[in-house]
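Participant:
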Ligand SMILES: Nc1ncnc2c1ncn2[C@@H]1O[C@H](COP(=O)(O)OP(=O)(O)O)[C@@H](O)[C@H]1O
Ligand SMILES: [Mg+2]
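In our numbering, the protein residues as written are 16 to 270.
#1: Going by DSSP, what residue range makes up the beta strand (DSSP E) through residue 29?
#2: Using the beta carbon as the reference atom, which residues fall closer than 6 Å to any heavy atom of ligand 1, ordered along the chain?
#3: Taking Cβ positions, are residue 82 and residue 61 nearer each other than 8 Å?
#4: Spatial neighbours of residue 269 within its chain, please: CB distance less than 6 Å, with the 5 preceding and 5 following residues excluded, ordered by chain position.
#5: Can we count residue 211 as close to ligand 2, meaning its CB is less than 7 Å from some heavy atom?
#6: Of all the beta strand (DSSP E) runs that stay within the bounds of the stretch 23 to 90, which reach a length of 3 or more residues?
#7: How many angstroms separate the CA atom of residue 229 from the CA atom of residue 124?
#8: Verify whether the separation of the beta carbon atoms of residue 142 and residue 136 is less than 8 Å.
#9: Does the beta-carbon of residue 214, which I'm using as the reference point, lie nearer than 7 Å to any heavy atom of ligand 2?
#10: Please state whether DSSP places residue 270 in a helix, a strand or coil.
#11: Under 7 Å: does the beta carbon of residue 177 sit that close to some heavy atom of ligand 2?
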């Protein structure tokens, strides 16, 4: 198979006391190696479930997830897939540096861990905070460290679950630029889920719309990054994406 990840007829059901929830409902998608896909959907559409399945944290009820060999075994530590959650989930008793390095301990030589950590902190502009503790960091910095911890593994695929959702507008914009830069510099496969249309337009090569566990639309975004999504050439695309996710009635006030 071509390099990437292929989902074939993925269904994920959760049993309830009465009946069940279909979090994902017959999803078939291909994520090419090196691409940047944004999955856009409202709350409850199945975004987190999709990432958890891709990260191997849960099994699908039906269907298959196929990784091409170069993706499955990618990365310095042999971990093909890394995930960044909405909240940073840092260890409060460890410094920034040790949070980034923690999971590498015992897997790589100490000198290599130190070198990797240093270069990742530099990449994220966090060198001066290397000895700080998580409670000394702003939300944006903490999320940079969480991204650094995932990058430390050097995974081939980076999954991000609304990673900027808790941040203020300006920090979010800045980190969007940094994520676009990381994609450009690393050439890795990025998959970010969000409910934010602007974020989807700013980042994706492709925006896949998810609704009730199904793909309802897919848009190619043919602009170089970094993007100024307020530009006139974005207007028609933004309108089409908004209509797709919100429905025409939401844009016109429900009439
Ligand atoms: N562990 C679970 N048990 C039961 N229902 C779940 C579980 N995880 C998710 N769901 C349900 O599956 C649907 C999709 O959830 P989720 O993937 O978290 O959506 P999103 O991330 O888009 O908000 C929701 O209806 C949610 O309530
Ligand atoms: Mg979610």
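Virtual Cβ for every residue (Gly too), placed ideally from N, Cα, C.
Facilitator: Considering the structure as presented:
#1: As a first step, residue 29 is located in the chain shown; it is residue number 14 there, counting from the start. Element bounds for residue 29: 19 to 30.
#2: 29, 36, 38, 56, 58, 59, 60, 61, 62, 63 and 64
#3: For the purposes of this step, residue 82 is taken as residue 67 along the chain shown, with counting starting at 1. For the purposes of this step, residue 61 is taken as residue 46 along the chain shown, with counting starting at 1. No.
#4: Indexing the chain shown from 1 puts residue 269 at position 254. Because residue 269 sits at a pLDDT of 49, beneath the cut-off of 50, its placement in the model cannot be relied upon, and the point is left open.
#5: Residue numbering aside, residue 211 sits at position 196 when the chain shown is read from its first letter. Result no, Cβ not under 7 Å from ligand 2.
#6: 35 to 47, 51 to 56 and 77 to 82
#7: One-based indexing of the chain shown puts residue 229 at position 214. One-based indexing of the chain shown puts residue 124 at position 109. Their Cα atoms are separated by approximately 44 Å.
#8: Indexing the chain shown from 1 puts residue 142 at position 127. Indexing the chain shown from 1 puts residue 136 at position 121. Yes, the Cβ-Cβ distance between residue 142 and residue 136 is below 8 Å.
#9: Within the chain shown, the letter at position 199 stands for residue 214. The answer is no for residue 214.
#10: Within the chain shown, the letter at position 255 stands for residue 270. Low confidence applies here, because residue 270 scores a pLDDT of 48, under 50, leaving its location unreliable and the question unanswered by this model.
#11: Walking along the chain shown from the start, residue 177 turns up at place 162. The answer is yes for residue 177.
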